[in-house]
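Presented below is the structure to which this report refers.
As structure tokens, this is what we get:
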């Protein structure tokens with residue numbers, strides 16, 4: 478039997494299953510890291526004014542933003558339609 482050669486798919490075309498698994502793993506990691514029971518009773522201040530729990534959640538929010546940006550670059554379907562030009 479002869480196997481068909483796989484066509485390379487450019488990044489951002491939405492056909493990368495590996496990219497979708499990476500995004501799913503990052504979302505799962507963020508969900509696990511979001512459970513921060515160890516910071517609830519801590520009186521530690523970050524930068525001298527911010528409670529450690531608030532800082533942790535700010536970092537989780539930044540991580541979630543980065544994950545969504547990565548998802549739009551890797552796993553978002555490509556838009557093949559071109560806008561019509563008007564004369």
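Numbering (the working numbering), first residue to last: 478 to 564. Glycine included, every Cβ here is placed at the ideal spot set by N, Cα and C. All values derive from a computational prediction rather than experimental measurement.
Start and end residues, alpha helix (DSSP H) containing residue i
{"i": "residue 542", "result": "529-551"}
{"i": "residue 498", "result": "494-511"}
Under 8 Å between C-beta atoms of residue i and residue j
{"i": "residue 556", "j": "residue 533", "result": "no"}
Anticipated Cβ contact below 8 Å, residue i with residue j, distance rounded
{"i": "residue 500", "j": "residue 548", "result": "5 Å"}
Contact the stretch 497-508 vs the stretch 529-548: 3+ CB pairs below 8 Å: A contact exists between the stretch 497-508 and the stretch 529-548.
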